[in-house]
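Novice:
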Amino acid sequence: VDEWGIRWKVIQYDTKYGKGRYTEIIGHPLANDVTVNTYIAPDPNRQELYREAQKLIDNYKIDYFIVGVTVTTIFETAWALRGMENLLMDFIINPGLAEEILNIPYHYHLAAAKKLTEMGVDMIWMGDDVGTQKAMMFSPQIWRKFFKLKMANFISEIKKINPALKVAYFLLIKFFLHLPSLNFVRG
């Protein structure tokens, strides 16, 4: 069980080179609708989360570009909490609940990104895997409704701390096919 309450299992398999391993999720703490109201997210302000980042900044900032990482910013953490099928269904049949669940990782990762920015990283790496090999997992309309404003606000908030901060926004999709329909605005 990780700090989010997500249960994982290590799966072992055979290859011609020996044993391999991967992990898969076997339990979602927000799989049941009623657990959302009582769920307590991990604290993004715990000092131990930032010790290694501080060492890197202290030792290498002068000579190297330091990147703070807040990947699985919203969607990936949300579906791990809720379950992929449940969250995708919530987008359509229970958008209020979907919004509540998405806000949990959003607020956590925003707090972490702000802290890393205040510490002096040169860039924040953020994003989510929202696609398959062929297309997005949901429509561009769903992305605009649930994610666009959150991501714009996320970037705006950390840029208030350091306007020179670079931001890398990663979306694992055949992105170029969807870029016009996602209505990104530079700035």
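For the sequence shown, this note's numbering assigns the number 176 to the last residue and increments by one with no breaks. Cβ atoms here follow ideal geometry from the backbone N, Cα and C, with glycine treated the same way. Being a predicted model, the structure only gives us computed values, none of them experimental.
For the segment -6 to 13 and the segment 81 to 90, state whether three or more C-beta atom pairs, one from each stretch, are separated by less than 8 Å.
Specialist: no
Novice: Quick one: give me the first and last residue of the alpha helix (DSSP H) that Met78 is part of.
Specialist: 73 to 82
Novice: Which of the three DSSP states is assigned to Val174 in this structure?
Specialist: Below a pLDDT of 50, predicted positions are generally treated as unreliable, and Val174, at 48, falls in that range; the measurement from the model is reported next regardless. Three-state DSSP puts Val174 in coil, outside helix and strand.
Novice: May I ask you to verify whether the segment 51 to 62 touches the segment 23 to 31, counting CB pairs closer than 8 Å and requiring at least 3?
Specialist: no
Novice: Take His98 as the anchor and find which of Ile0, Asp47, Arg35 has the nearest alpha-carbon.
Specialist: Arg35
Novice: Please state if the CB of Ile46 and the CB of Gly109 are separated by a distance shorter than 7 Å.
Specialist: yes
Novice: Three-state secondary structure (DSSP) at Ile52?
Specialist: Note that residue 52 is Asp in the sequence shown here, rather than Ile. In the structure shown, Asp52 sits in coil (DSSP, three-state: anything other than H, G, I, E or B).
Novice: Which of helix, strand or coil does DSSP assign to Thr61?
Specialist: Thr61 falls in the coil class under three-state DSSP.
Novice: Mapping DSSP to helix, strand and coil, what is Gln43?
Specialist: helix
Novice: Quick check on DSSP: helix, strand or coil for Gly(-6)?
Specialist: coil
Novice: Taking the alpha-carbon of Ala157 as reference, which of Lys8, Lys(-2), Val58 has the nearest alpha-carbon?
Specialist: Val58
Novice: Would the beta-carbon of Glu107 fall within 7 Å of that of Ile150?
Specialist: In this structure, Ile150 lies closer than 7 Å to Glu107 by Cβ.
Novice: Which first and last residues belong to the beta strand (DSSP E) in which Met115 is found?
Specialist: Per DSSP, Met115 belongs to the beta strand (DSSP E) from 112 to 117.
Novice: Leaving out five residues before and five after Gly116 in sequence, what residues of the same chain have Cβ atoms less than 7 Å from its Cβ?
Specialist: Val60, Thr62, Tyr158, Phe159, Leu160
Novice: With DSSP run on the structure shown, which of helix, strand or coil describes Met125?
Specialist: Per DSSP, reduced to three states, the secondary structure at Met125 is strand.
Novice: Among residues of its own chain, excluding the 5 on either side of Asp79, which ones have a beta-carbon nearer than 6 Å to its beta-carbon?
Specialist: Leu86, Ala87
Novice: Can you list, in chain order, the residues of its chain whose CB lies under 8 Å from that of Ile0, leaving out five sequence neighbours each side?
Specialist: Arg10, Tyr11, Thr12, Glu13
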